[in-house]
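Chemist:
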Amino acid sequence: CQYQILTFADSSYSGLPISNWFWDFGDGTTMTYNNYLNPVTHSYDSSGTYLVRMAVTTDVAGKAITDSASMLVQVIASPSANYSMNRNCFGTTAKFTNVTATNGVPVQGYSWNFGEPSSAPADTSSLKNPEHLYSAPGFYSIRLIAENILGCRDTITQDLQVHPLPTADFENSLSCAGDQTLFTDLSD
120 CQYQILTFAD SSYSGLPISN WFWDFGDGTT MTYNNYLNPV THSYDSSGTY LVRMAVTTDV
180 AGKAITDSAS MLVQVIASPS ANYSMNRNCF GTTAKFTNVT ATNGVPVQGY SWNFGEPSSA
240 PADTSSLKNP EHLYSAPGFY SIRLIAENIL GCRDTITQDL QVHPLPTADF ENSLSCAGDQ
300 TLFTDLSD
């Protein structure tokens, strides 16, 4: 899957010590090393078919001898998880609008975490466009995982601030009938 780490196993064998390994992952990325490293990992930023080539070199009678092996790797498009959310004041339900891009492969499910463990089990949802009522003002990390029908996933996390409600308050001066009264705003 796109963005996920693929593992390549090196099963090269030589009767003499291998002195150099070279990998070409087919996406413009290469890797060279001189000491055995197994496994080798790589991730692809774009879906598609890539020709992966590994070459090993050993020295035979003072000459560098190279052999290589190649294989095609099919990288499946992952969804691009994304969402928007409304500004929230305490006591107002947070609404999340899922704008995940499918990238050509249908999405089969969503997994939301609203960052408020104390509200479990309401802290999670599998709805496409969920809502959540927070129990207190504060900052919360909201995570969405989108998974397509081929099992490829993408995750996005954004922060939401639930604003406290304002507190209305005032004081006034004592005055007699007919006199002007002075009011002072003490609201937060």
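With positions in the sequence shown counted from 1, the corresponding number in the working numbering is that position plus 119.
Idealized CB from N, CA, C, for every residue including glycine.
Given this structure, state the Cα-to-Cα distance separating Asp304 from Asn291, to the nearest angstrom.
Modeler: CA-to-CA, the gap between Asp304 and Asn291 works out to about 9 Å.
Chemist: Span of the beta strand (DSSP E) holding Val179?
Modeler: 167–179
Chemist: For a minimum of 3 consecutive residues, which ranges assigned as the beta strand (DSSP E) are wholly contained in the stretch 183–255?
Modeler: 202–204, 213–217, 226–232
Chemist: Assuming the contact rule is C-beta atoms closer than 8 Å, Asn267 and Val218 should be a hit. Round their C-beta distance to whole Å, please.
Modeler: No, Asn267 and Val218 are not in contact; Cβ-Cβ is about 15 Å, not under 8 Å.
Chemist: Spatial neighbours of Ser187 within its chain, please: CB distance less than 7 Å, with the 5 preceding and 5 following residues excluded, ordered by chain position.
Modeler: Arg172, Met173, Ala174
Chemist: Are the beta-carbon atoms belonging to Tyr169 and Gly145 less than 8 Å from one another?
Modeler: In this structure, Gly145 lies closer than 8 Å to Tyr169 by Cβ.
Chemist: Which whole-angstrom value describes the C-beta separation of Ser162 and Leu191, a residue pair presumed to lie in contact below a C-beta threshold of 8 Å?
Modeler: Not a contact, Cβ separation roughly 17 Å.
Chemist: Mind checking who Gln277 pairs with in its DSSP beta bridge?
Modeler: Ile261
Chemist: Can Gly234 and Ile261 be called in contact, C-beta distance under 8 Å?
Modeler: Taking 8 Å as the Cβ cut-off, Gly234 and Ile261 qualify as a contacting pair.
Chemist: Go ahead and pull the three-state DSSP assignment for Thr286.
Modeler: coil
Chemist: Taking the DSSP output, what are the residues bridged to Asp143?
Modeler: Thr149, Arg172
Chemist: State the DSSP-derived secondary structure class of Ser162, mapped to helix, strand or coil.
Modeler: strand
Chemist: Please determine, among Asp143, Gly270, Gln280, the residue with the shortest C-alpha to C-alpha distance to Ser204.
Modeler: Going by the sequence as given, residue 204 is Met instead of Ser. Of the listed residues, the one whose Cα sits closest to Met204 is Gln280.
Chemist: According to DSSP, is Ile268 helix, strand or coil?
Modeler: coil
Chemist: Under a three-way DSSP split, which group does Thr126 fall into?
Modeler: strand
Chemist: DSSP three-state label for Ser292, please.
Modeler: coil
Chemist: Quick one: measure Cβ to Cβ for Ser244 and Gly228, integer angstroms, because I've assumed they're closer than 8 Å.
Modeler: With a Cβ gap of about 11 Å, Ser244 and Gly228 do not count as contacting.
Chemist: Exposed or buried, Leu263, counting other C-beta atoms within 10 Å across all chains shown (16 or more means buried)?
Modeler: By the neighbour-count rule (16 or more Cβ atoms within 10 Å), Leu263 is buried.
Chemist: From this set, Ala265, Asn154, Gly210, which residue's C-alpha is nearest Asn139's C-alpha?
Modeler: Asn154
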